[in-house]
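Heads up, the sequence shown is in our numbering, so the first residue is 29 and it goes up one at a time. Yeah, the Cβ is synthetic: ideal placement off N, Cα and C, and Gly gets one too. Predicted model only: the values in this text are computed from it and were never measured. One structure is given below, encoded as structure tokens.
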Amino acid sequence: MSENQNLLAEQRRALILEEVRRRGGVRVNELTRRLSVSDMTIRRDLDALARQGVLEKVHGGAVPVADASTHEPGFEAKSGLELSAKESIARAAARLVAPGSAIALSGGTTTFALAQHLVEVPDLTVVTNSVRVADVFHAAQRGTGQRQGAATVVLTGGVRTPSDALVGPVADQAIRSLHFDVLFLGVHGISIQAGLSTPNLAEAETNRRLVRSARRVVVVADHTKWGTVGLSSFATLEQVDTWVTDAGLSSEVRTEVSEQLNQLVIAGQPDTSADI
29 MSENQNLLAE
39 QRRALILEEV
49 RRRGGVRVNE
59 LTRRLSVSDM
69 TIRRDLDALA
79 RQGVLEKVHG
89 GAVPVADAST
99 HEPGFEAKSG
109 LELSAKESIA
119 RAAARLVAPG
129 SAIALSGGTT
139 TFALAQHLVE
149 VPDLTVVTNS
159 VRVADVFHAA
169 QRGTGQRQGA
179 ATVVLTGGVR
189 TPSDALVGPV
199 ADQAIRSLHF
209 DVLFLGVHGI
219 SIQAGLSTPN
229 LAEAETNRRL
239 VRSARRVVVV
249 ADHTKWGTVG
259 LSSFATLEQV
269 DTWVTDAGLS
279 SEVRTEVSEQ
289 LNQLVIAGQP
299 DTSADI
């Protein structure tokens, strides 16, 4: 971590969380030295991250949350993490959408960011199991009126998860008979061994249905999702056509996934798309 007294709270907390995940734990006195802030500031940061459910406070510091494979943070908790990365990923992913396409967007904070870049793309048919994503399109239509070329939005039914995705038999049945040109898929975790995974068993099955219904599968996930493994896997990396991620993904990982994916898009770089 670099020392910088002027780091915004969001940036500082993202650095703290990255260090916790990388090292398996941190101490308050280490963080005060590395970030050049007071003990009280670090403790407030740890309190905030603990409330989001992304780490656990212990005496003198913090450790990753227990039972990570089954822990599912809520939408609000995840929405404050890696904001700049998600925005870069959303912009890059939006360039993959052609007017008139039938697309699907799964639940998640990155697909939510993507939806905000798609409201002006004409004549889209959007299928989603995300309440938040559907709200983006509906809000855009309320704000501008029923303009020509506005997206047609299909929201599946189902049981709501902590991340505001609709899952279960009702969602699965709705998706089963549909066919999408492109699926944009947010994930809890991604790895070579486990592929794409989630802590929620019902969400895993709904995501499997989405993958089966798509001609092309595009994962939108920032670099912190690499190496995270949820309770249930729902797709292998071989089933993914494109992964849109941010520049925080290390060169080692880029090499590691090169044999599994058709295309890796690094958002925010001059040459953002590379077949691998």
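Quiz item: Would V257 pass as a contact of S286 if the rule is Cβ separation under 7 Å?
Solution: On the sequence shown, position 229 is the one that residue 257 refers to. On the sequence shown, position 258 is the one that residue 286 refers to. Not closer than 7 Å, so no.
Self-check item: Contacts around A232, its chain only, beta-carbon distance under 6 Å, and the 5 residues preceding and following it disregarded
Solution: Residue numbering aside, residue 232 sits at position 204 when the sequence shown is read from its first letter. Excluding residues within five positions, the ones whose Cβ falls inside 6 Å are T226, S260, F262.
Self-check item: Cβ-based burial, S191 [other Cβ within 10 Å; buried from 16]
Solution: Within the sequence shown, numbered from 1, the residue matching residue 191 stands at position 163. Per the 10 Å Cβ criterion, buried.
Exercise. Mind checking who E284 pairs with in its DSSP beta bridge?
Key: Taking the first residue of the sequence shown as 1, we reach residue 284 at position 256. Per DSSP, none; premise fails for E284.
Quiz item: In whole angstroms, what separates the C-alpha of E280 from that of K114?
Solution: Taking the sequence shown and counting its residues from 1, the one referred to as residue 280 is at position 252. Taking the sequence shown and counting its residues from 1, the one referred to as residue 114 is at position 86. So the alpha carbons of these two residues sit roughly 21 Å apart.
Exercise. Please say whether V161 and L133 have beta carbons closer to each other than 7 Å?
Key: Residue mapping note: residue 133 aligns to position 105 of the sequence shown, counting from 1. Residue mapping note: residue 161 aligns to position 133 of the sequence shown, counting from 1. Cβ distance < 7 Å, so L133 and V161 count as in contact.
Practice problem: Could you please give me the residues that DSSP links to P92 through a beta bridge? | Solution: Residue numbering aside, residue 92 sits at position 64 when the sequence shown is read from its first letter. Its beta-bridge partners are L83.
Exercise. May I ask which residues mark the beginning and end of the alpha helix (DSSP H) holding I44?
Key: Translated into the one-based positions of the sequence shown, residue 44 becomes position 16. Unbroken alpha helix (DSSP H) run through I44: 37-51.
Exercise. May I have the straight-line CA-CA distance separating V85 from L289, to the nearest angstrom?
Key: Locating residue 85 in the sequence shown gives position 57, counting from the first residue. Locating residue 289 in the sequence shown gives position 261, counting from the first residue. The sequence shown places Lys at residue 85, not Val. Distance between the alpha carbons of K85 and L289: 37 Å.
Practice problem: Return helix, strand or coil for Q291, following the three-state DSSP convention. | Solution: Residue numbering aside, residue 291 sits at position 263 when the sequence shown is read from its first letter. Strand at Q291.
Quiz item: So L59 is in the alpha helix (DSSP H); what residue range does that whole segment cover?
Solution: Position 31 of the sequence shown holds residue 59. Start and end: 56-63.
Quiz item: For R243, which residues from the same chain have a beta carbon less than 8 Å from its beta carbon, with the 5 sequence-adjacent residues on both sides left out?
Solution: Along the sequence shown, one-based indexing puts residue 243 at 215. Same-chain partners within the cutoff: H207, F208, D209, V210.
Quiz item: If we count the other Cβ atoms within 10 Å of its Cβ and call it buried at 16 or more, is G177 buried or exposed?
Solution: Translated into the one-based positions of the sequence shown, residue 177 becomes position 149. Looking at its Cβ environment, which holds fewer than 16 other Cβ atoms inside 10 Å, G177 is exposed.
Practice problem: Can you tell me the Cβ-Cβ gap for L36 and L77, rounded? I've got them flagged as a contact below 8 Å. | Solution: Here residue 36 refers to the residue found at position 8 of the sequence shown. Here residue 77 refers to the residue found at position 49 of the sequence shown. At roughly 15 Å, the Cβ-Cβ gap does not stay under 8 Å, so L36 and L77 are not in contact.
Exercise. For G276, collect the residues of the same chain with a Cβ closer than 6 Å to its Cβ; drop the 5 residues on either side in sequence, then sort them by chain order.
Key: For the purposes of this step, residue 276 is taken as residue 248 along the sequence shown, with counting starting at 1. Taken in chain order, the residues that qualify are H251.
Quiz item: Do T273 and G223 have their C-beta atoms within less than 7 Å of each other?
Solution: As a first step, residue 273 is located in the sequence shown; it is residue number 245 there, counting from the start. As a first step, residue 223 is located in the sequence shown; it is residue number 195 there, counting from the start. It is not a contact, given that the beta carbons lie outside the stated cut-off.
Quiz item: Roughly how many whole angstroms lie between the Cα atoms of A179 and I117?
Solution: The residue you call residue 179 lines up with position 151 of the sequence shown. The residue you call residue 117 lines up with position 89 of the sequence shown. Roughly 21 Å separates the two Cα atoms.
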